[in-house]
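According to our numbering, the sequence shown is numbered sequentially starting from 39. To keep things clear, I will list the structure first and then write my remarks on it.
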Amino acid sequence: MTQQPDVEIYIKNVVLNDLASWLAEVFSDTDIKLITNIKLDSPKPVTTHISLDEQRIELMITPRAAGKAYTSIWFKSQNTPWESDLECAHSALTNMDTEVRCSAESYTESEEEFSEKWWKLTRDSKELVVWA
39 MTQQPDVEIY IKNVVLNDLA SWLAEVFSDT DIKLITNIKL DSPKPVTTHI SLDEQRIELM
99 ITPRAAGKAY TSIWFKSQNT PWESDLECAH SALTNMDTEV RCSAESYTES EEEFSEKWWK
159 LTRDSKELVV WA
């Protein structure tokens, strides 16, 4: 499997302390204070950097990215520990008891439209849904 150019997941009703704990377990240089103080009632993106094996990765966290409930977690690098959005979503669920969604297909520059098929995951289920 080829590494994706970036990884993005959407977490429903994210608990910032859980998000910060998960990121700190996976990456070094995680700014816990910045993450736990994000204003979830504002769709303003927050950008920070984290590290993995001495490589800096830009991380953008956007509350209300999809409706009021979903926060986007976007790792703007291919240098993540996951080969796909789906692997990242499973990893997030180890620390969070919520719903995580991710694209069912890898995005490519040649795509004319985004796929409407998404993985909807919880700790107990995984299903393909249309999220338009």
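Beta carbons are placed, not taken as given, at the ideal position from N, Cα and C, and that holds for glycine. Keep in mind it's a predicted model, so treat the numbers as computed, not measured.
query: Within 9 angstroms, strictly: CB atoms of residue 50 and residue 136; result: yes
query: Extent of the continuous alpha helix (DSSP H) to which residue 103 belongs; result: It is not in any alpha helix (DSSP H) - residue 103 instead sits in the beta strand (DSSP E) that spans 93-104.
query: Cβ-based neighbour list, residue 86, same chain, cut-off 6 angstroms, excluding 5 preceding and 5 following; result: 69, 72, 97
query: Spatial neighbours of residue 161 in its chain, beta-carbon cut-off 8 angstroms, leaving aside the 5 residues before and after; result: 131, 135
query: Limits of the beta strand (DSSP E) - the one that residue 156 falls within; result: 155-159
query: Local conformation of residue 63 per DSSP, three classes; result: helix
query: Option in 42, 46, 43, 55 with minimal Cα separation from residue 133; result: 55
query: Three-state secondary structure assigned by DSSP to residue 141; result: strand
query: Backbone secondary structure at residue 109 - three-state DSSP; result: strand
query: Helix, strand or coil at residue 70 according to DSSP, with G and I counted as helix; result: helix
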